[in-house]
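In my numbering, the protein residues as written are 1005 to 1628.
Glycine included, each C-beta is placed from N, C-alpha and C at the ideal position.
As the structure is a prediction and not an experimental result, all values here were calculated from the model.
See structure below.
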Ligand code: FAD
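In structure tokens form, the structure reads like this:
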């Protein structure tokens, strides 16, 4: 019998954003979990911009939080500039973003990991997986140690056969300063996975003391400051500092254009495709040749460090070109670069080889999460990690898998997009990817997922109580305002007209008054006999959104129910598509390639026709 030091329920490989959430989720739900990672010091390290949240991404962070995850808590402990993006737009697209202190963030994640019961950390490079037949059994380290578990979550990020490019110079690395996972990548290529290359890049870092801020525009944070976690408090935030905005010049673009032949991107040296929405500066200058200037956000890397992150000039040009282009930017004339920018190419797995639990279809008990599934971004990685961790623990206990639907969470959208469509470029989340945006708001992530999280054993007593208290307060306040009637002649009607200068022309509840475009909860509370307002702004927000958008929400819910009727009709993994009469060879091939788990997923395969879906449905119903 092997020593228990070497035996676990779940092994997670990689201590990045996917790996830490995976390990925490598995351990939280009761599985004895081991986190194996290259270096304990880099647990929770942010490879690129130290920022958490933003449009689509903030939504994911709030969902991770509602399921008891770590990312939002760490952001609250590390955020040094806080903003609500799209604040003047509708609630569906409002998003929280914070610039984080890189070191504080890493430390916060490490502390959360170290405080988690059932979770052990061991520093090691994993060189191979133990696979017996078609089931995973554990992992083997570079030093020859074997760790055993019936479930393994792989979250190796940009490290698998990672190759860094700075100009024509290239070398193997996981990211700058970290070793690559070369042996593991080679072993995985011997297995039946579909593997390809992607690339991403990062800008040079600069000593902030060498910059002239007087020629830049200041971008202060918001007041009041938003918070990331449902349980968070702005008082936890270490600071609220400004970022700055400057621009590239014609000179910058000239420098870049004249050096394109030395760019690994344009010389054919880089094969992998990069993130479309986070292009390098050389890519932007080529693709948007008509633009004379591009915006650069000058963002602090931390409170106690001098480095800044120039957001918008990611590059893999040779270093001498980097130095020249940086110094052609307004305020950067005397800039001292502390770290060069670079691009990195790495192996990723075609996510169509995964079930919606993120378990691989070919190796039982093996789960993939994060950058290795073709995504980009800390939030996308963390969300997948959480899901894979939950499902790895459930797999070990012999329980069925769980994944939220597209109308329940951005996490559901992310996974469904990946496993159905695959990806040929790094996938990042946007609100436009969700068809039911109004249901999937940041502000209701708790309502959507805390109950499920509680059932899955992920939500602790403190969060559950706080959630229930809030829900009760929303119901109480809605009921109170719904029972107050204002009529053209009654005292309340007259008071509303006098205080707010609006006409009460027919009998209405105060709750319904919130529906009027010119009124909101806070305005109504100025009417003396209607107050006092609820103390918790989050409660007021829910009361208001619940009424203002009731019509849209109701219609969207009806559409979801219509869709749902066949959405969940299951299709077995070994389903014989050849037996469905009338399916074209092309459609049959597409279905065999993806092997959708449900009719809903089949419907979303590109090129799938309604006729093919009907044939499939008839066949499935007959077979029941
Ligand atoms: P990572 O954060 O990469 O973590 C992987 C972890 O696994 C590390 O701890 C590593 O040490 C460990 N590991 C790997 N292999 C092994 C092994 N064999 N044994 C043990 N441990 C192992 N995102 C954006 O959204 N926009 C960007 O512009 C952007 N630019 C980037 C630029 C660069 C240069 C890099 C490197 C990343 C960039 N990212 C960007 C991506 C962002 O960093 C990732 O999306 C995110 O970190 C992915 O999280 P992850 O947990 O999947 O992997």
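Can a CB atom of chain D be found closer than 7 angstroms to the CB of residue 1230?
In the displayed structure, chain D is absent; only one protein chain is listed.
Figure out for me which residue from 1089, 1022, 1213 and 1358 has the closest Cα to the Cα of residue 1313.
As a working note, residue 1313 is residue 309 in the chain shown. Cα-wise, what sits closest to residue 1313 is 1213.
Per DSSP, residue 1406 forms a beta bridge with which residues?
The sequence position of residue 1406 within the chain shown is 402, counting from 1. In DSSP, residue 1406 forms no bridge with anything.
Rounded straight-line distance, which links the Cα of residue 1533 to that of residue 1111:
Here residue 1111 refers to the residue found at position 107 of the chain shown. Here residue 1533 refers to the residue found at position 529 of the chain shown. The alpha-carbon atoms of residue 1111 and residue 1533 are separated by roughly 49 angstroms.
Find the nearest neighbour of residue 1439 within the set 1084, 1608 and 1119, judged by alpha-carbon distance.
Start at 1 with the first residue of the chain shown, and residue 1439 comes out as number 435. Nearest option by C-alpha distance: 1608.
I want to check one thing, is the minimum distance from the CB of residue 1257 to the heavy atoms of the ligand FAD below 6 angstroms?
Taking the chain shown and counting its residues from 1, one reaches residue 1257 at position 253. Outside the cutoff, so no.
Coarse secondary structure for residue 1295, derived from DSSP in three states
To locate residue 1295, count along the chain shown from 1; it is residue 291. Looking at residue 1295 - three-state DSSP - the assignment turns out to be coil, as it is neither helix nor strand.
Is the beta carbon of residue 1175 within less than 6 angstroms of some heavy atom of the ligand FAD?
Walking along the chain shown from the start, residue 1175 turns up at place 171. No, the ligand FAD has no heavy atom inside 6 angstroms of this Cβ.
Rounding to the nearest angstrom, what Cα-Cα distance links residue 1355 and residue 1480 in this structure?
The sequence position of residue 1355 within the chain shown is 351, counting from 1. The sequence position of residue 1480 within the chain shown is 476, counting from 1. If you draw a straight line from the Cα of residue 1355 to the Cα of residue 1480, it is about 45 angstroms long.
Would you say residue 1298 touches the ligand FAD, meaning its beta carbon is less than 6 angstroms from a heavy atom?
Along the chain shown, one-based indexing puts residue 1298 at 294. No - the ligand FAD has no heavy atom lying nearer than 6 angstroms to the Cβ of residue 1298.
Since residue 1184 sits in a beta bridge, which residues does DSSP pair it with?
Translated into the one-based positions of the chain shown, residue 1184 becomes position 180. Per DSSP, none; premise fails for residue 1184.
Compute the distance between the beta-carbons of residue 1061 and residue 1383, then report whether it is under 7 angstroms.
The residue given as residue 1061 occupies position 57 in the chain shown. The residue given as residue 1383 occupies position 379 in the chain shown. Yes, the pair counts as a contact, with Cβ atoms nearer than the cut-off.
Residue 1550 versus residue 1447: straight-line alpha-carbon distance, rounded
By one-based count along the chain shown, residue 1550 stands at place 546. By one-based count along the chain shown, residue 1447 stands at place 443. Each residue's CA atom was taken as its position, placing residue 1550 and residue 1447 some 11 angstroms apart.
What are the partner residues of residue 1129, as DSSP defines its beta bridges?
Position 125 of the chain shown, counted from the start, is the residue given in the question as residue 1129. BP columns for residue 1129 are empty, so no partner.
Complete beta strand (DSSP E) runs within the segment 1223–1282 (minimum length 3 residues, chain order)
1247–1251
Nearest-angstrom Cα separation, counted from residue 1048 out to residue 1114:
Translated into positions along the chain shown, residue 1114 becomes position 110. Translated into positions along the chain shown, residue 1048 becomes position 44. Taking the straight line from one Cα to the other gives about 7 angstroms.
Does any heavy atom of the ligand FAD sit closer than 6 angstroms to the C-beta of residue 1422?
For this step, residue 1422 is matched to residue 418 along the chain shown. Because no heavy atom of the ligand FAD lies under 6 angstroms away, the Cβ of residue 1422 does not count as near it: no.
Can we count residue 1063 as close to the ligand FAD, meaning its CB is less than 6 angstroms from some heavy atom?
On the chain shown, position 59 is the one that residue 1063 refers to. Outside the cutoff, so no.
Using alpha carbons as the reference points, say which of 1399, 1227 and 1248 lies closest to residue 1217.
Taking the chain shown and counting its residues from 1, one reaches residue 1217 at position 213. Distance from the Cα of residue 1217 is smallest, within the candidate group 1399, 1227 and 1248, for 1248.
Just the C-alpha distance for residue 1425 and residue 1392, rounded to the nearest angstrom, thanks.
On the chain shown, residue 1425 is found 421 positions in, with the first residue counted as 1. On the chain shown, residue 1392 is found 388 positions in, with the first residue counted as 1. Distance between the alpha carbons of residue 1425 and residue 1392: 19 angstroms.
Would you mind giving the Cβ-Cβ distance between residue 1396 and residue 1067, rounded to the nearest angstrom? I have them listed as a contact below 8 angstroms.
On the chain shown, position 392 is the one that residue 1396 refers to. On the chain shown, position 63 is the one that residue 1067 refers to. The Cβ separation is near 19 angstroms, so there is no contact.
Whether residue 1600 touches residue 1366 by CB criterion (7 angstroms)
Sequence index remark: in the chain shown, residue 1600 carries index 596 (1-based). Sequence index remark: in the chain shown, residue 1366 carries index 362 (1-based). Their beta carbons are not under 7 angstroms apart, which means residue 1600 does not touch residue 1366 by this criterion.
So what does residue 1371 bridge to, in DSSP terms?
Taking the first residue of the chain shown as 1, we reach residue 1371 at position 367. Its beta-bridge partners are 1157 and 1363.
Using the three-state DSSP reduction, which class does residue 1469 fall into: helix, strand or coil?
Mapped onto the chain shown, residue 1469 falls at position 465. Three-state result, residue 1469: helix.
C-beta atoms of residue 1164 and residue 1189 nearer than 7 angstroms
Here the question's residue 1164 lines up with position 160 in the chain shown. Here the question's residue 1189 lines up with position 185 in the chain shown. In contact: residue 1164 and residue 1189 (Cβ atoms closer than 7 angstroms).
In angstroms with no decimal places, state the Cα-to-Cα distance between residue 1260 and residue 1286.
On the chain shown, residue 1260 is found 256 positions in, with the first residue counted as 1. On the chain shown, residue 1286 is found 282 positions in, with the first residue counted as 1. Taking the straight line joining both Cα atoms gives about 6 angstroms.
Alpha carbon to alpha carbon, how far is residue 1373 from residue 1202?
For the purposes of this step, residue 1373 is taken as residue 369 along the chain shown, with counting starting at 1. For the purposes of this step, residue 1202 is taken as residue 198 along the chain shown, with counting starting at 1. Going by the C-alpha atoms only, they are around 16 angstroms apart.
In angstroms with no decimal places, state the Cα-to-Cα distance between residue 1344 and residue 1209.
Numbered from 1 along the chain shown, position 340 holds the residue referred to as residue 1344. Numbered from 1 along the chain shown, position 205 holds the residue referred to as residue 1209. Cα to Cα, residue 1344 sits roughly 7 angstroms from residue 1209.
Whole angstroms is fine: what's the gap from residue 1171's alpha carbon to residue 1320's?
Position 167 of the chain shown, counted from the first residue, corresponds to residue 1171. Position 316 of the chain shown, counted from the first residue, corresponds to residue 1320. When rounded, the distance between both Cα atoms is 6 angstroms.
Could you check the C-alpha separation between residue 1489 and residue 1161 for me, to the nearest Å?
As a working mapping, residue 1489 is identified with position 485 in the chain shown. As a working mapping, residue 1161 is identified with position 157 in the chain shown. Cα to Cα, residue 1489 sits roughly 58 angstroms from residue 1161.
Spatial neighbours of residue 1083 in its chain, beta-carbon cut-off 6 angstroms, leaving aside the 5 residues before and after
The residue labelled residue 1083 in the question sits at position 79 within the chain shown. So the list reads 1102, 1104 and 1241, once near-sequence residues are dropped.
Are the segment 1069–1088 and the segment 1225–1244 touching by the rule of at least three beta carbon pairs closer than 8 angstroms?
yes
Please tell me whether, using a cut-off of 6 angstroms, the distance from the CB of residue 1163 to the nearest non-hydrogen atom of the ligand FAD is below it.
Residue mapping note: residue 1163 aligns to position 159 of the chain shown, counting from 1. Within the cutoff, so yes.
According to DSSP, residues forming a beta bridge with residue 1168
On the chain shown, position 164 is the one that residue 1168 refers to. According to DSSP, which records beta bridges pairwise, residue 1168 is partnered with 1175 and 1348.
Excluding the 5 residues flanking residue 1257 on each side, which residues of the same chain have their C-beta closer than 6 angstroms to its C-beta?
Reading the chain shown from its first residue, position 253 is the one you call residue 1257. Cβ neighbours of residue 1257 beyond the five flanking positions: 1289.
Helix, strand or coil for residue 1009? Go by DSSP, reduced to three states.
For the purposes of this step, residue 1009 is identified with residue 5 of the chain shown, where counting begins at 1. Residue 1009: helix per DSSP, three-state reduction.
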